[in-house]
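A quick write-up on the structure given underneath.
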Amino acid sequence: MASRLRRFAARLAVAVVALASLVGVVWVAIVVQRVLPDDAGEGSSLTAPSLAPRPGGDSTVRFQVADSLRGRSRALRFVAVSAREGQDLPGFLDSYGDSILLEPRTLPLDIGGEPFVLFMQRPFAHKRGEMLGAYRMGLWPAERWMMADNYLNPDGFVEVTPANIETRLSEHFRLSDFLTRDQLSVWPKFVVLEERLIDKLELVLGELSNRGIDIRRVVVLSGFRPPYYNDLRIDEGAARASRHQFGDAADLIVDSDYDGRMDDLNGDRRRDLRDLTAIGAAVAAVEQRYPELVGGLGTYAAMGPSGPFAHIDVRGTSARWERARALRPDPPALRPR
Numbered sequence: 001m002a003s004r005l006r007r008f009a010a011r012l013a014v015a016v017v018a019l020a021s022l023v024g025v026v027w028v029a030i031v032v033q034r035v036l037p038d039d040a041g042e043g044s045s046l047t048a049p050s051l052a053p054r055p056g057g058d059s060t061v062r063f064q065v066a067d068s069l070r071g072r073s074r075a076l077r078f079v080a081v082s083a084r085e086g087q088d089l090p091g092f093l094d095s096y097g098d099s100i101l102l103e104p105r106t107l108p109l110d111i112g113g114e115p116f117v118l119f120m121q122r123p124f125a126h127k128r129g130e131m132l133g134a135y136r137m138g139l140w141p142a143e144r145w146m147m148a149d150n151y152l153n154p155d156g157f158v159e160v161t162p163a164n165i166e167t168r169l170s171e172h173f174r175l176s177d178f179l180t181r182d183q184l185s186v187w188p189k190f191v192v193l194e195e196r197l198i199d200k201l202e203l204v205l206g207e208l209s210n211r212g213i214d215i216r217r218v219v220v221l222s223g224f225r226p227p228y229y230n231d232l233r234i235d236e237g238a239a240r241a242s243r244h245q246f247g248d249a250a251d252l253i254v255d256s257d258y259d260g261r262m263d264d265l266n267g268d269r270r271r272d273l274r275d276l277t278a279i280g281a282a283v284a285a286v287e288q289r290y291p292e293l294v295g296g297l298g299t300y301a302a303m304g305p306s307g308p309f310a311h312i313d314v315r316g317t318s319a320r321w322e323r324a325r326a327l328r329p330d331p332p333a334l335r336p337r
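If you read the sequence shown in this note's numbering, its first letter stands for residue 1, the second for the next number, and so on.
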């Protein structure tokens, strides 16, 4: 009997080791697939390529984008597309040819006579380790560990140059609003842009305006944060898997009086968390009207001169939190406006 038990235990141990080895092999394969670029094969290089700054865009306008790309707010003036998404745009390749998909660029278009911009993205596969050209990006959560579907790597990046940095994305926002404030001398820079976020922000501002709040000027304290930059702020309260890394989150204040601080939105002559109640109500109204824009709302008290601020994102699930202590906002924008 004892010998049978020993043989059974030995076989069970072998089976457990085999299963653990199989799981380990599968895990390594998944991690390697996520970390290596899609085009990493024979003859490919894993060193950072040299990316020369490019002009702001092409002047020839033949392709007319769909009116629906203005978003629910009707305020969007841009769309950021990957090569795959570009192929699916009706008439796009007929107007520009297949070569338009090969390089990132900024294409000035129009919708019904109004200016509109199409950003061809640089593929995520062009990133080499932490670097994209000379710009340090870091490693996304899915490059370090397996993550849920809404935490997978971005499809690509909008390339930012001195020529296009002030491109208007919507009525209230420009491309420069969503850049980090580091690596100031490095060009080109890169940013992940999610149209749904800008659309939601404009809808929230519209809701505030309908409630009698002056929203002439909105300041983005922190927009897109690549993992390298986000990691620098972990000790200050930034989440390791922050939505800022995916281009669908922004921290902002309403500053229509241009004093650099959150306005007194509730009219009680104080600048505190209670001013964010109006923003919370506006976010709730927008999410109820447009469930596809549901996401997170965080309200933060002041640690810096900007006063309290709100975090808004479109993560796809509802989340709410309030913090009496806040992480330090980013330094002022790259260029005064």
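Just so it is clear, CB atoms sit at the ideal spot from N, CA and C, and this is done for glycine as well.
Just so you know, these numbers come straight off a predicted model, no measurement behind them.
| field | CA-to-CA distance, residue 204 to residue 279, given in whole angstroms | value | Distance between the alpha carbons of residue 279 and residue 204: 7 angstroms.
| Nearest CA to the CA of residue 220: which residue from 258, 251 and 175? | The residue with the shortest Cα to Cα distance from residue 220 is 251.
| Would DSSP call residue 81 helix, strand or coil? | Here residue 81 sits in strand by DSSP.
| task | Hey, could you find the ends of the alpha helix (DSSP H) residue 195 is sitting in? | result | 195 to 210 is the span of the alpha helix (DSSP H), which, as asked, contains residue 195.
| message | Pairs of beta-carbons, one from the segment 190 to 200 and one from the segment 119 to 139, closer than 8 angstroms: are there three or more? | response | Result yes; three or more Cβ-Cβ pairs closer than 8 angstroms.
| Secondary structure of residue 250, DSSP reduced to three states | Here residue 250 sits in strand by DSSP.
| Boundaries of the alpha helix (DSSP H) in which residue 279 is found, first to last residue | Run containing residue 279: 277 to 289, per the alpha helix (DSSP H) assignment.
| field | Continuous beta strand (DSSP E) assignments of at least 3 residues falling wholly in the segment 110 to 191 | value | The qualifying runs are 114 to 120, 156 to 160 and 189 to 191.
| field | As assigned by DSSP and simplified to three states, the class of residue 221 | value | Under the three-state reduction of DSSP, residue 221 is assigned to strand.
| task | Identify the continuous alpha helix (DSSP H) that holds residue 228 and give its terminal residues. | result | That run of the alpha helix (DSSP H) goes 227 to 231.
| query | Based on the DSSP secondary-structure assignment, which residues constitute the bridge partners of residue 300? | reply | DSSP, once it has assigned bridges, lists 309 and 323 as partnering residue 300.
| query | residue 83: beta carbon under 8 angstroms from a heavy atom of the ligand GTP? | reply | Because no ligand of any kind appears in the structure shown, any question about the ligand GTP cannot be addressed here.
| residue 140: buried (16+ other C-beta within 10 angstroms of its C-beta) or exposed? | Result: buried.
| said: I'd like the list of long-range same chain contacts for residue 323, defined as Cβ closer than 6 angstroms, with 5 residues on each side in sequence excluded. | reply: For residue 323, where only same-chain residues beyond five positions count, the Cβ hits under 6 angstroms are 300.
| task | Assign residue 258 to one of two classes, buried (16 or more other C-beta atoms within 10 Å of its C-beta) or exposed (fewer than that). | result | With fewer than 16 other Cβ atoms within 10 Å, it is exposed.
| Selected residue, minimal CA-CA separation from residue 277, among 82, 182, 138 and 207 | The shortest Cα separation from residue 277 among 82, 182, 138 and 207 belongs to 207.
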